[in-house]
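Student:
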Amino acid sequence: SKVTAPCSPGDPPTWIENAYELLDEEGEWYLNRSDGYIYYRPRGGEDMATAQVIAPVLESLIDGAGTLTQPLRNLVFEGLTFAYATWLVPSTDRYWAGQAGFQGIGSTMEDWWDGQTTKTPASIAFRAAHQIRFERNVFIHLGASGLSLEYGSRHNKITGNVWTDISAAAISIGHVNDHHPCGDAAPCASGEINEHNTIANNYIARVGREYLDHPAIWVGYTDNMLIEHNEISDVPYTGISLGWGWGEVDPGGAVGYTKETIARNNRIQYNLIRNPMQVLRDGGAIYTLGSQPGTTINHNAIINYNNDYGAIYLDNGSRHIEVFNNVVQGTKMSNWLYHQNESGLPAADNVIKSNYSDSPNMECNAVVSRACSDVVSSNTMDSQLPEEALRMIEQAGLEPAYREIRQESLGNLALKQPAFAYYSDGTLDEAASAELAVDNDDVSYAVASKQWLWQLQVDLGELQHIGRIRLRMPEDKYATSFQLATSSDGSKFQIDRSVMDFKGGVSDSVFFSPVKARFLRIIALKPDGAGQPGGQMAIARLEVFSPPATAKTKSGWRYQK
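Per our numbering, the sequence shown starts with residue 48, numbered consecutively.
1) Would you list the residues sitting across from GLY357 in a DSSP beta bridge?
2) Does the Cβ of LYS166 have 16 or more other Cβ atoms within 10 Å, making it buried, or fewer, making it exposed?
3) Can you have a look at GLY330 and say buried or exposed, based on whether 16 or more other CB atoms are within 10 angstroms of its CB?
4) To the nearest angstrom, how far is it from the Cα of VAL375 to the Cα of TRP383?
5) Any chance you could list the alpha helix (DSSP H) runs of at least 4 consecutive residues sitting entirely within the stretch 463-498, in chain order?
6) Given this structure, state the Cα-to-Cα distance separating LEU432 from ASN402, to the nearest angstrom.
7) First and last residue of the alpha helix (DSSP H) that includes VAL375?
8) Going straight from the alpha carbon of MET428 to that of ALA332, what length do you get?
9) Does DSSP put THR139 in a helix, a strand or coil?
10) Which of the three DSSP states is assigned to ALA169 in this structure?
11) Which residues in the same chain have their Cβ closer than 6 Å to the Cβ of GLY145, if we skip the five residues on either side of it in sequence?
12) If we count the other Cβ atoms within 10 Å of its Cβ and call it buried at 16 or more, is PRO262 buried or exposed?
13) What are the partner residues of TRP501, as DSSP defines its beta bridges?
14) In terms of alpha-carbon separation, which member of PHE467, TRP143, ALA358, HIS276 lies closest to ASP405?
15) I'd like to know whether the C-beta atoms of GLY294 and ASN249 end up nearer to each other than 8 Å.
16) Could you please give me the residues that DSSP links to SER545 through a beta bridge?
17) Bridge partners for LEU78 per DSSP, in chain order?
18) Can you check whether the CB of ASP281 is closer than 8 Å to the CB of ALA252?
19) From the DSSP output, read off the bridge partner residues of ARG201.
20) Is ALA443 closer than 8 Å to TYR317 when the C-beta atoms are compared?
21) Thinking just about the alpha-carbon of each residue, which of SER200, THR378, GLY537 is nearest to the one in THR116?
22) Starting from the C-beta of LEU70, find all residues in its chain whose C-beta is less than 7 Å away, skip the five residues before and the five after it, and write them out in chain order.
23) Would ASP270 and GLU307 qualify as a contact pair, given that the criterion is a beta-carbon distance under 8 Å?
24) Sorted by chain position, which residues of the same chain lie with C-beta nearer than 7 Å to SER609's C-beta, five sequence neighbours on each side aside?
25) Do you know how far the Cα of THR133 is from the Cα of VAL104?
26) Please classify ARG328: does DSSP put it in a helix, a strand, or coil?
27) Assign HIS227 to one of two classes, buried (16 or more other C-beta atoms within 10 Å of its C-beta) or exposed (fewer than that).
28) Within 10 angstroms of the Cβ of LEU189, are there 16 or more other Cβ atoms? Answer buried if so, exposed if not.
29) Please tell me whether GLU157 and ALA301 are closer than 8 Å, where the distance is taken between their beta carbons.
30) Just checking my contact of ILE586 with ALA532 at CB under 8 Å: how many whole Å lie between their CB atoms?
31) Could you tell me the alpha carbon to alpha carbon distance between GLU369 and SER214, rounded to whole angstroms?
32) Inspect the CB distances between the stretch 537-555 and the stretch 472-482 and report whether three or more fall short of 8 Å.
33) Report the three-state DSSP secondary structure of ILE368 (helix, strand or coil).
34) Look at the Cβ atom of PHE558, then the Cβ atom of ARG515, and state whether they are nearer than 8 Å.
35) Would the stretch 418-426 count as touching the stretch 465-472 if we require 3 or more Cβ pairs under 8 Å?
36) For SER568 and GLN498, what's the separation of their Cα atoms in angstroms?
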């Protein structure tokens with residue numbers, strides 16, 4: 048079993064995998080580890096004689112390792128697609144979520160703070176790497192993290208890439224055990240320091256698919272890290288996580304160091320983060336740990352943060368960080384700012400000023416015995432954001448030269464296309480206002496006028512390659528079970544995806560292999576009458592997207608001085 052939600056001793060598991068007894072839905076499979084047989088329930092319309100099946104075996108696609116005296120240098124990876132790698136350790140050993148993909152191997156909390164952990168591996172990993180560049184690649188269908196740089200990696204650039212359907216983090220920089228590479232001495236000029244690396248203009252969506260505790264971007268102890276103009280959307284946990292140690296490896300912490308860590312001068316700026324923290328809690332759109340002198344968080348836009356704690360979350364030991372000119376929109380009742388001061392070492396000596404939020408909620412969480420020492424001033428909190436804040440949102444995220452990499456850059460293929468509602472017997476329901484499902488408005492919705500079991504059909508106008516279908520149902524009018532079906536001619540449909548136990552809101556389906564079709568149907572299955580969970584299916588928004596495009600530039604890898 049794999050526990051994938053907050054739990055305490057005695058709670059039942061929330062996810063059980065690989066049980067033959069549970070093969071009760073189309074598209075489910077079971078691997079008998081003893082005889083090697085795979086049992087699979089085909090989806091409607093699938094022909095197993097011609098079906099394409101991809102079963103990854105490789106756990107590492109690239110493993111690049113230099114040394115501190117002879118680093119790996121000057122490689123360029125451009126226009127490539129990295130896909131279909133796996134990670135088998137959780138199947139044979141175990142995976143328990145500590146935080147951000149790290150699992151403790153020590154026996155005390157001091158060991159955890161000090162970095163005695165194992166780290167989720169990456170499909171593409173580099174150590175002691177200098178001047179490595181990843182430009183306009185696609186990272187997709189990867190069973191661990193995407194890309195990792197650590198152990199003295201410097202002056203590397205990760206620019207203009209697409210990251211989606213990744214089991215763990217998209218990108219991780221550094222480790223949690225390299226906070227004092229010179230020991231308790233300062234200044235430190237060790238070649239082990241990860242410094243002057245850049246993550247810019249990347250499009251990251253729907254990562255952390257299996258190991259939900261992974262941030263989209265995780266950065267440990269680094270110097271002069273630049274994270275800018277990235278777009279991150281629809282992730283189960285934190286968007287960008289910076290730092291480690293909870294302050295306990297800083298001077299005055301429990302581990303006993305007297306010198307600062309090497310974490311400093313890092314910049315998180317001009318990023319656009321939409322819909323973070325969709326599953327787990329105790330994280331943020333932007334989350335920090337530990338002292339980081341000279342670090343700035345500015346001109347980021349955070350959209351639709353609805354969770355505990357805060358969109359900008361300065362956790363234990365976060366110190367000497369400036370947070371300014373950020374915009375938080377759509378937090379509803381959540382905090383736009385949370386700085387930890389309740390337990391452990393507090394967040395202190397930070398400056399939080401000139402930010403914008405459409406929610407007034409922020410929390411220092413101070414205990415009675417100590418007051419918040421952060422400077423919080425000149426922040427604008429108004430339900431109607433001013434023009435300068437709206438301009439900041441427009442300026443965040445991908446820069447113009449990179450916007451074509453966004454999956455949605457080709458547009459919603461279903462937008463304002465012909466839409467029709469049919470009863471289960473195929474009769475057209477002319478009173479359903481089916482066009483309201485494709486009008487780009489979440490308030491209005493399409494719903495059948497007389498029957499619970501109905502179908503929405505949309506004509507995309509021509510054959511399209513479909514890589515993703517996203518739809519929104521009102522919180523009080525949703526099908527708990529429904530199917531997505533496609534057709535090239537509008538007469539013979541195949542079932543491409545069955546969605547079960549849906550709770551309303553957004554359903555997001557990404558297809559490993561793109562579906563070629565012109566017509567799309569959403570078919571209600573449950574509830575089929577009153578008195579059941581959910582309600583009569585209503586569709587407020589339907590969006591259909593092509594798969595992420597590979598780079599339009601030349602592709603390959605090369606050595607470049």
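Every residue gets a Cβ at the ideal spot worked out from N, C-alpha and C, and that includes glycine.
Tutor: On the basis of the coordinates in this document:
1) ASN382
2) buried
3) buried
4) 6 Å
5) Given a length threshold of 4 residues, the stretch 463-498 has no whole run of the alpha helix (DSSP H) inside it.
6) 11 Å
7) Segment 374-376 is the beta strand (DSSP E) holding VAL375; no alpha helix (DSSP H) there.
8) Looking at the two C-alpha atoms, the distance is approximately 18 Å.
9) helix
10) strand
11) GLY151
12) buried
13) TYR470
14) ALA358
15) no
16) In the DSSP output, where bridge partners are listed per residue, SER545 has GLN530.
17) ILE85
18) Contact: yes.
19) HIS177, GLU242
20) yes
21) SER200
22) TYR77, TYR86, ARG88
23) Not closer than 8 Å, so no.
24) Only positions 48 to 608 of the chain appear in this structure, which leaves residue 609 out of reach.
25) 6 Å
26) coil
27) buried
28) buried
29) yes
30) Between ILE586 and ALA532 the beta-carbon gap is near 14 Å, outside 8 Å, which marks them as no contact.
31) 32 Å
32) no
33) strand
34) yes
35) no
36) A small fix is needed here, since residue 568 is Arg in this sequence, not Ser. Taking the straight line from one Cα to the other gives about 16 Å.
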